[in-house]
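Worksheet: the structure to be examined is printed underneath.
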Amino acid sequence: MFDKQRTIKEPVTLTGSGLHTGKQVTLTFKPAPADHGIKFCRVDLPDQPIIDAIADYVVDTSRGTTIEYDGTRLVTIEHVMASIAGLSIDNILVEVDSEEMPIIDGSARFFVAALDAAGIIELDADRIYFEIRNTLTLTDQKRKSEMVLVPDDNYRLSVMIDFETRILGTQYASISDIDDFKTEISDCRTFVFLHELELLINNNLIKGGDVSNAIVFVDRLLTEAELDNLARHFKKPKITVLKEGILNNLELRFHN
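Mapping of the sequence shown onto the working numbering: position 172 corresponds to residue 157, and the numbering continues sequentially without gaps.
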């Protein structure tokens, strides 16, 4: 394979609130040169520290993907990362003015739309590939999860989840061409079980959560006391439909 590295043509900005922190955040995707890779920059902090988006810096995956380097942390980066990978972008700088990415509607589709609108261009540098030559297996018995990497000439993904609940059942998805990410995967949204909400609240999470940015599965009956407690934490979401199907409090801006 001798594909060229890719980046975006021009900067593009989105604003929204973080799912767990509830803080308003502005995120800007910026073009980057060849061999730059994917990097995040906290523009709200002194010296504007930059963090490489690499697996070595992942410090938490309990309720999203969190990376940290030299005391600087970024939370809930999974939808941003999926969008960048799904559009085969190799080099990009992601500037944010808070610790958490905007959740928007709980999917990757608005990040994909922003990157698409910014334009994706090839650079004069060959793409570098990581080749899997032997089958690799990673198992986490505590979380009942397993990952298997199998050598293949193409990039394919197959995923199955089973939370052992009749309400959700077993979910399965696959993709055999990364170009299908935009149409087949990017619309998939964050979900949570109703019984988990109180635990998340008590752990100081989902401050920005509501039914416009997550799917809530009702998996058991709740008492009136439990319902009243949840009602105190969640206000009725305001959903505004803007042109071209943009939802909620998303703002999309292009730079001249």
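Built from N, CA and C at the ideal position, the CB exists for glycine as well.
Item	Value
Ala102 vs Val(-3) beta-carbon contact at 9 Å	yes
Length of the line joining the Cα atoms of Gly154 and Met145	11 Å
Buried or exposed (CB count within 10 angstroms, at least 16 for buried), Asn233	Reliability of the predicted coordinates at Asn233 is poor, the pLDDT of 37 falling under 50, and the value obtained from them is presented with this limitation in mind. Buried, since its Cβ has 16 or more Cβ neighbours within 10 Å.
Start and end residues, beta strand (DSSP E) containing Asp165	Premise fails: Asp165 is in no beta strand (DSSP E) and is neither H nor E.
Beta strand (DSSP E) segments (min. 3 residues) lying fully within the region 9 to 75	9 to 16, 23 to 27, 35 to 37, 43 to 45, 51 to 54 and 57 to 59
Test item: CB-CB of Lys24 and Leu108 under 9 Å	no
Cβ contact (3+ pairs, closer than 8 Å) linking the region 110 to 117 and the region 26 to 45	no
Classification of Phe95 by the beta-carbon crowding that lies within 10 angstroms, buried from 16 upward	buried
Euclidean distance between Cα positions of Pro244 and Asn119	The structure shown does not extend to residue 244, since the chain spans only -14 to 241, so no value can be given for it.
Segment contact, 8 Å Cβ cut-off, at least three pairs: the region 84 to 92 with the region 7 to 16	yes
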